[in-house]
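Structure first, then comments.
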Amino acid sequence: MFFPRWDRARRWGVKRVWHLPAQGRCDRASKNILIKDQPPHEDELHCLLIHEICHAVSSPYHGRRWQDRMMKAGDKADKIGHKELAEMLDEEVKRQRLIPKNIDREAYDLIYDIVTALPYIKFNRLLTRVAAEYGMYPREFKVRFKRSKKIFNQAKGFMKTGKSKSFKVK
Ligand SMILES: [Zn+2]
357 MFFPRWDRAR RWGVKRVWHL PAQGRCDRAS KNILIKDQPP HEDELHCLLI
407 HEICHAVSSP YHGRRWQDRM MKAGDKADKI GHKELAEMLD EEVKRQRLIP
457 KNIDREAYDL IYDIVTALPY IKFNRLLTRV AAEYGMYPRE FKVRFKRSKK
507 IFNQAKGFMK TGKSKSFKVK
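Sequential numbering from 357 applies to the sequence shown in the working numbering.
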C-alpha cells in the first residue's frame, strides 16, 4: 500500500532478532527487515517497518532521499485516514534531522564522559555501552569510529594524571 513497487518478486522478509542493537534495521544483503521486538501499538509497528522499508528503497542513511520517501509514506497514511501513523512518520523524520551532523565528535565526547564517570571501565565494556547508544553492534562502532581506542586511552591517561595530582594534595 505504501510501497507499491517494492518487492514485487516477494523476496523480502521480516525477522525478529533479539540481540539487535536498535529497534529496527534494514538488511539489504539478506533482503530482510530486522526488528528487535514487536511494538505494542500497531501504528508503531507500521512506523518502524516503513522506516526500514524506506531504507530498502532509498538509501541506508537518513539523508534527503530517505526523508523524501518517509514523507511520501506519511502523505499516503494521511490520505487513507491513518492520522496517527502520519504524525509518527513526520516525527520520525524530524527526529532524524535533529541528529547532530558532527556525529564523530559526539561519539568521542561520550567515550570521554563514560571514562570520566567510570575510570576503571575496560575498553570492551565501554564499547558495548557507547555502541548501544548508537544502535550499533560494538564491532560496527569500532569500524565506524576508528579513533575510539585512541580516545579511550587518552581519557584513561587524563584520569590517571588527574588522580595522582589529587593524591599529592592529600
Ligand atoms: Zn534508519
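All C-beta atoms, glycine included, are put in the ideal place defined by N, C-alpha and C.
Every value quoted in this text rests on a predicted model; they were computed, and no experiment measured them.
Specify, as a first and last residue, the run of the beta strand (DSSP E) that N388 falls within. N388 to I391
Which residues does DSSP list as the beta-bridge partners of D383? N388
Using a Cβ-Cβ distance cut-off of 8 Å, determine whether I470 contacts chain C. The displayed structure is made up of one protein chain only, and chain C is not part of it.
From the DSSP output, in three-state form, read off R366 for me. coil
Beta-carbon separation of C382 and I391 under 8 Å? no
With a threshold of 7 Å on Cβ separation, who are the neighbours of C403 within its own chain once the five nearest residues in sequence on each side are excluded? Excluding its 5 nearest sequence neighbours in each direction, C403 has C-beta neighbours in its own chain below 7 Å: L441, M444, L445 and E448, listed in chain order.
With a 10 Å radius around its C-beta and 16 neighbouring C-beta atoms as the bar for buried, classify V499 as buried or exposed. By the 10 Å Cβ count, V499 comes out exposed.
So for K371, helix, strand or coil by DSSP? K371 carries a strand assignment under DSSP once its states are collapsed to helix, strand and coil.
Below 8 Å on the Cβ atoms is my contact criterion, and I expect F479 with V486 to pass it. Report the Cβ-Cβ distance as a whole number of Å. The Cβ separation is near 11 Å, so there is no contact.
Same chain, Cβ closer than 8 Å to M308, five either side skipped, listed in chain order: The displayed coordinates of the chain run from 357 to 526. Any statement about residue 308 would go beyond what the structure contains.
Would a C-beta distance cut-off of 8 Å place A378 and G491 closer than the cut-off? The answer is yes: Cβ separation under 8 Å.
Other residues of its chain near N509: CB distance less than 8 Å, five sequence neighbours each side excluded: Excluding its 5 nearest sequence neighbours in each direction, N509 has no C-beta neighbour in its own chain below 8 Å.
For L532, does the three-state DSSP call read helix, strand or coil? No statement about residue 532 is possible, as the shown extent of the chain runs from 357 to 526 and does not include it.
Cβ pair count under 8 Å reaching 3, the segment 404-412 against the segment 360-375: yes
Applying the criterion that 16 or more other CB atoms from any shown protein chain within 10 Å of the CB defines a buried residue, is G380 buried or exposed? buried
Any alpha helix (DSSP H) of 4 or more consecutive residues that is wholly inside the segment 437-500: 439-454, 459-473, 479-489 and 494-500
What is the DSSP secondary structure of R420, counted as helix, strand or coil? Here DSSP, grouped into helix, strand and coil, assigns R420 to helix.
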